[in-house]
Amino acid sequence: TGTSAVKDEL
Amino acid sequence: MNIFRFLGDMTHLISILILLLKIYATKSCSGISLKTQELYALVFLARYLDLFTDFISVYNSVMKVVFIASSLAIVWCMRRHRVVRRSYDKELDTFRHYFLVAACLALALLVQEKFTFLEVLWAFSIYLEAVAILPQLVLLQRSGNVDNLTGQYVFFLGAYRAFYILNWIYRYFTETHFSRWISCVSGLVQTALYADFFYYYFISWKNNSKLQLPA
Chain A
95 TGTSAVKDEL
Chain B
27 MNIFRFLGDM
37 THLISILILL
47 LKIYATKSCS
57 GISLKTQELY
67 ALVFLARYLD
77 LFTDFISVYN
87 SVMKVVFIAS
97 SLAIVWCMRR
107 HRVVRRSYDK
117 ELDTFRHYFL
127 VAACLALALL
137 VQEKFTFLEV
147 LWAFSIYLEA
157 VAILPQLVLL
167 QRSGNVDNLT
177 GQYVFFLGAY
187 RAFYILNWIY
197 RYFTETHFSR
207 WISCVSGLVQ
217 TALYADFFYY
227 YFISWKNNSK
237 LQLPA
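Quick mapping for you: the protein sequence lines, in order, are chains A and B. Each residue of the first sequence is one higher than the one before, counting from 95 in the working numbering. Each residue of the second sequence is one higher than the one before, counting from 27 in the working numbering.
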């Protein structure tokens, strides 16, 4: 997916 | 999503609810640093720009909206609300937070994952969040006695990033391609800044005394 893992956090 | 991150987000939410409760119930923002609140509003606005472009989950989107809306509401309240703004400690809240913004922006331009608009702003928001509490801690030391709700607000705010550190450790061991040293280093700095506050908070809790920060 476009969002790397790091951006799934608040 | 893991339990540490969930606890971290809930602790963060609780800290915001406590602050809203304090302002709403007492119609006063004494002891609260407007500059810290402005920095947090900037942190959320810079970090959650992907709110409309990347959908991750309902939880993620709802929490982003809550954080942005609450931080802006608190800043508005402290600046515009005719009753609340009178209790703002303007002469004590003198930390030059524009330097923090400039320094974090400069650092984000130098150190980020990819030199793109969103990544630079994301790194900026991570660095700024680490130091955003400084005006508030300075204000607490200057105003001497800390009322309970303000003390609890700062305590939960510090605890949330500590849970995130546990979350990063957990993800490091459970996920293969997990590298997020920008958040980790900033998160450690952020939590370390609360260290002395936590110490005095614990002492006041143990002695069941008023929270006193040394001037």
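Backbone N, C-alpha and C fix where the C-beta goes; we use that ideal spot for every residue, glycine too.
DSSP state of residue i mapped onto helix, strand, coil
{"i": "Gln245(B)", "result": "Not covered by the structure: residue 245(B). The range shown for chain B is 27 to 241."}
{"i": "Gln238(B)", "result": "strand"}
{"i": "Asn171(B)", "result": "strand"}
{"i": "Gly177(B)", "result": "helix"}
{"i": "Leu136(B)", "result": "helix"}
{"i": "Asn233(B)", "result": "coil"}
{"i": "His38(B)", "result": "helix"}
{"i": "Asn204(B)", "result": "The question names Asn, yet the displayed sequence has Phe at residue 204(B). Note: Phe204(B) maps to coil in three-state DSSP."}
{"i": "Val109(B)", "result": "coil"}
{"i": "Tyr198(B)", "result": "helix"}
{"i": "Tyr190(B)", "result": "helix"}
{"i": "Lys48(B)", "result": "helix"}
{"i": "Leu118(B)", "result": "coil"}
Range of the contiguous alpha helix (DSSP H) that encloses residue i
{"i": "Ser151(B)", "result": "143-157"}
{"i": "Asn86(B)", "result": "84-106"}
{"i": "Ile58(B)", "result": "Note, Ile58(B): premise wrong, no alpha helix (DSSP H); not H, not E."}
Residue from the options whose Cα sits closest to the Cα of residue i
{"i": "Leu60(B)", "options": "Arg197(B), Leu45(B), Asn86(B)", "result": "Leu45(B)"}
{"i": "Ile195(B)", "options": "Ala185(B), Gly184(B), His203(B), Cys210(B)", "result": "Cys210(B)"}
{"i": "Tyr66(B)", "options": "Ile152(B), Phe224(B), Leu77(B)", "result": "Ile152(B)"}
{"i": "Thr120(B)", "options": "Leu165(B), Arg105(B), Arg197(B), Trp102(B)", "result": "Leu165(B)"}
{"i": "Phe224(B)", "options": "Phe182(B), Glu64(B), Asn193(B)", "result": "Phe182(B)"}
{"i": "Glu145(B)", "options": "Asp76(B), Tyr227(B), Ile40(B)", "result": "Asp76(B)"}
{"i": "Thr62(B)", "options": "Arg206(B), Met89(B), Leu154(B), Ser83(B)", "result": "Leu154(B)"}
{"i": "Asp102(A)", "options": "Leu98(B), Met89(B), Ala129(B)", "result": "Met89(B)"}
{"i": "Ser230(B)", "options": "Asn193(B), His203(B), Arg187(B), Asn171(B)", "result": "Asn171(B)"}
{"i": "Leu136(B)", "options": "Asp80(B), Phe30(B), Ile208(B)", "result": "Ile208(B)"}
{"i": "Lys116(B)", "options": "Ala132(B), Arg105(B), Ser235(B), Ser83(B)", "result": "Arg105(B)"}
{"i": "Ala188(B)", "options": "Arg111(B), Val109(B), Tyr220(B)", "result": "Tyr220(B)"}
{"i": "Ala51(B)", "options": "Ser83(B), Ser205(B), Phe78(B), Val109(B)", "result": "Val109(B)"}
{"i": "Ala241(B)", "options": "Asp173(B), Leu163(B), Gln167(B)", "result": "Gln167(B)"}
9 Å Cβ cutoff, residue i in contact with chain C
{"i": "Ile29(B)", "result": "Protein chains A and B are contained in the structure displayed, whereas chain C is not."}
Contact set between the region 187-199 of chain B and chain A, restricted to residues whose Cβ is under 7 Å from the partner:
Of all residues in the region 187-199 of chain B, none is placed with a Cβ closer than 7 Å to any Cβ belonging to chain A.
Check whether the region 90-99 of chain B and the region 62-71 of chain B are in contact - that is, three or more C-beta pairs closer than 8 Å.
Touching, yes.
Whether or not the region 147-162 of chain B and the region 208-226 of chain B are in contact is what I'm after, with contact meaning three or more pairs of Cβ atoms, one per stretch, closer than 8 Å; do they touch?
Proximity of the region 208-226 of chain B to the region 147-162 of chain B meets the contact definition, three or more beta-carbon pairs being nearer than 8 Å.
Within 8 Å of chain A by C-beta, residues of the region 85-97 of chain B in sequence order:
Of all residues in the region 85-97 of chain B, the ones placed with a Cβ closer than 8 Å to any Cβ belonging to chain A are Asn86, Met89, Lys90, Phe93, in chain order.
Do the region 173-190 of chain B and the region 36-44 of chain B touch if we need at least three Cβ pairs shorter than 8 Å?
Yes, they touch.
Please identify, using Cβ separations under 8 Å, the residues of the region 133-164 of chain B that lie next to chain A, in order along the chain.
Going along the region 133-164 of chain B in chain order, one finds Glu139, Trp148 with a Cβ nearer than 8 Å to chain A.
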